[in-house]
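The opening position of the sequence shown corresponds to residue 90 in this note's numbering, with each subsequent residue numbered one higher.
C-beta: ideal position from N, C-alpha, C; glycine also.
Remember, predicted model here, so these are calculated numbers, not experimental data.
Here the structure is laid out as structure tokens; the discussion comes afterwards.
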Amino acid sequence: MNANTMPRRALFILLPLLLAAAVSAQAQSTAKPTAAGKWLDKRGHAPIHGDAAAGQTKSEVCRACHGQDGNTPVPTFPNLGGQRADFLYWELIELKHGYRYQSPMTEQLAPLSDQDVRDLAAFFASQPLAHAHDASADPAAIELGERIFHSGDAQRGVPPCQGCHGTNADGIAQRPGWPILQGQHPAYLAARLRAYRDGDPPNSSNDFIMNGVARGLDDAAIDGLAAWLVSRGGTQHQ
Ligand code: HEC
Ligand code: HEC
Numbered sequence: 090m091n092a093n094t095m096p097r098r099a100l101f102i103l104l105p106l107l108l109a110a111a112v113s114a115q116a117q118s119t120a121k122p123t124a125a126g127k128w129l130d131k132r133g134h135a136p137i138h139g140d141a142a143a144g145q146t147k148s149e150v151c152r153a154c155h156g157q158d159g160n161t162p163v164p165t166f167p168n169l170g171g172q173r174a175d176f177l178y179w180e181l182i183e184l185k186h187g188y189r190y191q192s193p194m195t196e197q198l199a200p201l202s203d204q205d206v207r208d209l210a211a212f213f214a215s216q217p218l219a220h221a222h223d224a225s226a227d228p229a230a231i232e233l234g235e236r237i238f239h240s241g242d243a244q245r246g247v248p249p250c251q252g253c254h255g256t257n258a259d260g261i262a263q264r265p266g267w268p269i270l271q272g273q274h275p276a277y278l279a280a281r282l283r284a285y286r287d288g289d290p291p292n293s294s295n296d297f298i299m300n301g302v303a304r305g306l307d308d309a310a311i312d313g314l315a316a317w318l319v320s321r322g323g324t325q326h327q
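In structure tokens:
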């Protein structure tokens with residue numbers, strides 16, 4: 090064995106180990122603290138009611154991150170203004186009780202009562218939907234997003250989004266717990282879709298639906314959907 094073959098042979102032996110170590114390090118770095126199979130059953134609940142005026146007073150602690158009326162300039166934080174109260178309430182319950190992962194929200198919500206959460210949901214729902222408008226993306230990406238939103242992608246098993254989120258992405262009346270997507274930051278929408286696609290552990294019964302939907306979305310589809318939604322502005326509320 091000479092000095093040249095030794096390292097090479099050692100590398101052949103080590104390579105599988107290095108790869109295994111790299112894969113496991115990657116798995117560890119992307120793994121989230123898990124609530125091991127814990128998910129919230131959102132089925133069959135009565136509509137929620139809250140006091141929007143009381144919620145406004147209680148929303149002071151939320152402003153730094155979500156803006157005064159629930160519409161934040163931070164593109165990776167969600168807009169809350171004009172969102173369905175039921176959706177907001179149940180997301181807050183998920184966050185408060187640690188069903189959602191690694192969120193700065195859990196700490197914020199710890200001291201709040203159930204009535205506080207209802208009032209906050211009612212307040213943000215009563216605020217205007219964001220009017221973000223940006224049609225500067227590649228027209229082909231916008232067109233792809235519109236096609237998937239309205240027609241789905243049968244070959245990849247993606248159902249049309251409009252069936253559950255409304256023709257104009259402004260929700261459907263008979264499902265108050267399902268979110269409006271119109272007016273949401275594209276970066277937040279895309280991040281949520283990637284998390285669903287990449288198999289983030291579901292936080293609720295509804296997440297199982299979106300895990301199934303997102304499985305067939307590639308990056309171009311996700312970016313196209315986000316680009317189409319923001320290209321229309323947030324004014325299509327009906
Ligand atoms: C320190 C910044 C911060 C503060 C303060 C904060 N939030 Fe959040 N909020 C976030 C972030 C970041 C997310 C996205 C969480 C995630 O993806 O896990 C979020 C998510 C949410 C969501 C889920 C929205 C969706 O579309 O899924 C709701 C509802 C919400 N916040 C309401 C509130 C309310 C009500 C308060 C005040 C009691 C508040 N937040 C205070 C940063 C904050
Ligand atoms: C069969 C019904 C259904 C279909 C089809 C569907 N969704 Fe959803 N979607 C839901 C439900 C229900 C939720 C709420 C999840 C929860 O409660 O946490 C949701 C949540 C989302 C969210 C997270 C919103 C937020 O503020 O956190 C995004 C983004 C989203 N859907 C995008 C899409 C896109 C894009 C499509 C089409 C490719 C689509 N959905 C198709 C039912 C559906």
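Identity of the residue in the options nearest residue i by Cα
| i | options | result |
| --- | --- | --- |
| Trp128 | Asp208, Glu180, Trp267 | Glu180 |
| Glu183 | Gly322, Pro291, Trp317, Val302 | Pro291 |
| Tyr188 | Ile311, Ser293, Gly322, Ala316 | Ser293 |
| Asp205 | Val150, Arg173, Phe238 | Val150 |
| Gly158 | Leu209, Pro228, Ile237 | Here residue 158 is Asp; the residue named in the question, Gly, does not match the sequence. Ranking Leu209, Pro228, Ile237 by Cα distance to Asp158 puts Leu209 first. |
| Lys131 | Glu232, Trp267, Pro217 | Trp267 |
| His411 | Cys250, Ala303, Arg264, Ala214 | No answer is possible for residue 411: the residues shown for the chain start at 90 and end at 327. |
| Asp307 | Pro200, Arg245, Pro217 | Arg245 |
Ligand 2 heavy atom lying under 7 Å from the CB of residue i
| i | result |
| --- | --- |
| Asn300 | no |
| His134 | no |
| Phe166 | no |
| Lys131 | yes |
Same chain only: Cβ atoms within 6 Å of residue i, ignoring 5 sequence neighbours per side
| i | result |
| --- | --- |
| Ala111 | Its pLDDT being 35, under 50, Ala111 is placed unreliably in this model, and the coordinates cannot settle the point. |
| Phe212 | Ala141, Gly144, Gln145, Ser148 |
| Lys185 | Leu198 |
Proximal residues to residue i (C-beta, below 7 Å), its chain only, five neighbours per side dropped
| i | result |
| --- | --- |
| Asn160 | Asn168, Gly170, Ala219 |
| Arg207 | Ile137, His138, Gly139, Tyr178 |
| Ala226 | Ala316, Ser320 |
Beta-carbon proximity list for residue i, same chain, < 8 Å, skipping 5 on both sides
| i | result |
| --- | --- |
| Pro162 | Gly156 |
| Ser118 | Residue confidence is low: Ser118 scores 32 on pLDDT, short of 50, so the model does not pin down where it sits. Its coordinate-derived value is still stated next. Correct list: empty, nothing qualifies. |
The alpha helix (DSSP H) enclosing residue i, as first and last residue numbers
| i | result |
| --- | --- |
| Val319 | 308-320 |
| Pro275 | 275-286 |
| Gly144 | 141-147 |
| Gly187 | Neither: Gly187 is in no alpha helix (DSSP H) and is coded neither H nor E. |
Beta-bridge partners of residue i, as assigned by DSSP
| i | result |
| --- | --- |
| Asp242 | Val247 |
| Leu30 | The first residue shown for the chain is 90 and the last is 327, placing residue 30 beyond what the model contains. |
Residue i Cβ short of 7 Å to ligand 1 heavy atom set
| i | result |
| --- | --- |
| Val319 | no |
| Gln197 | yes |
| Ala153 | yes |
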